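For reference, the structure is listed below as structure tokens.
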Amino acid sequence: MLEISELRKRFAGGPDSPEGKLALDGISFAVRPGEMFGFVGANGAGKTTTMRIVMGVLKADSGSVSWQGRPLTYTDRQKFGYMPEERGLYQKMRAGEQIEYFGRLHGLSQSAAKQAADDLLQRLGLTERRNSSVESLSLGNQQRVQLAVALVHEPEVLILDEPFSGLDPIAVDALATVLQERCRGGVPVIFSSHQLELVERLCDSVGIVSAGRMVASGTVEDLRAAESRTLRVVVREALPGWADGLPGEVSVTGDRHVLLTTHGDDQEILRRAVKAGRVEHFGVQQPSLTEIFKEAVA
Ligand SMILES: Nc1ncnc2c1ncn2[C@@H]1O[C@H](COP(=O)(O)OP(=O)(O)OP(=O)(O)O)[C@@H](O)[C@H]1O
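Each residue of the sequence shown is one higher than the one before, starting from 1101 at the first, in this note's numbering.
The structure is reproduced here in structure tokens:
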């Protein structure tokens, strides 16, 4: 298990802000083997800073990171796969060579590195670009190469900073499949993203960070359960005023009356709706991750 505990980090200030910037204010979370963890938060919330500390690029002022119950070491990190926010590829090198090169740096044999590179090029739809220099690739394809570099050495843990940004829908699906496979193989995966539908679809658990603090975390189901539920009732051809005295708001479009309420007696509301007209829908509306996110960071 990868455990991030009470990380704090203040960046030094300049003449304009001598007190500096408190980027992390006690971030804690844990990711189990085989768990995909979506790290979400507004711009500047502290996601990149957290990932940089995990990868040893930055030092925390306090707090700790442990892997398999021990403090994380340089040797452990060598076995992690990391996609940094500041993408770092050799621009003149060909895509395939680049992936092989990083595989070799992580200790793969020449043939294993070539095999892994070929496999990733194919999986990420880059086979035809194998011999193109990175600088000649579109941004989305450069991103795919960057991802292949993070994945080439079969990492024990994956830490990916916005891996899906800038990818087309086909590449999003291809990457999602690769990450799910790695996850099923027991790898903990942490990725940050602003694409909340994607996070909702892929992740076993989610952490919502705001101003350097984890304001909500758990499975999407747990986060939903913590929200107040909304009952949605749709009645066709109802007489005006049918919902007078019931809690909530009614909106009318044509002959469709929609009642939304977060409280009240469901059975009483149902009786009134049935009396009023043709009940087309009666059910609890699940909040999306986007709604949960907005509520958590409000
Ligand atoms: N090197 C630095 N020096 C000073 N302040 C920094 C530095 N790096 C980050 N910060 C500040 O720390 C805070 C957290 O930044 P961070 O990059 O971790 O956010 P983020 O959640 O990754 O944002 P985004 O979604 O925009 O990538 C921000 O206020 C940022 O301006």
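Backbone N, C-alpha and C define an ideal beta-carbon position, used for all residues, glycine too.
This structure is a prediction, so every number in the text was calculated from the model and none was measured.
>> Beta-carbon within less than 6 Å of W1167's beta-carbon, same chain only, minus the 5 sequence neighbours each way: which residues are those?
In response: L1102, D1176
> Does the distance from the C-beta atom of V1374 to that of R1332 stay below 8 Å?
Replying inline: no
> How long is the line joining the alpha carbons of A1160 and T1390, rounded to whole angstroms?
Replying inline: 30 Å
>> Which of the three DSSP states is assigned to T1054 in this structure?
In response: The displayed coordinates of the chain run from 1101 to 1398. Any statement about residue 1054 would go beyond what the structure contains.
> DSSP on E1228, reduced to helix/strand/coil?
Replying inline: helix
> Where DSSP assigns a beta bridge to Y1182, which residues make up the other side?
Replying inline: I1259
> Taking the alpha helix (DSSP H) that T1150 falls in, what are its first and last residues?
Replying inline: 1147 to 1154
> Taking the alpha-carbon positions, what's the S1117 to F1111 distance?
Replying inline: 11 Å
>> Do S1292 and D1261 count as a contact pair if the criterion is CB distance below 8 Å?
In response: yes
>> To test your reading of the DSSP string, which unbroken alpha helix (DSSP H) runs of 4 or more residues are found completely within the region 1327 to 1395?
In response: 1366 to 1376
>> ligand 1 and F1180: does any heavy atom of the ligand fall closer than 7 Å to the residue's C-beta?
In response: no
> Hey, would you say M1193 sits closer than 8 Å to V1234, going by beta carbons?
Replying inline: yes
> With burial defined as no fewer than 16 other Cβ atoms inside 10 Å of the residue's Cβ, what is the status of Y1182: buried or exposed?
Replying inline: buried
> Is the distance from the Cβ of P1288 to the Cβ of P1133 below 8 Å?
Replying inline: yes
> Where R1324 and G1348 are concerned, what is the direct C-alpha to C-alpha distance, given to the nearest angstrom?
Replying inline: 20 Å
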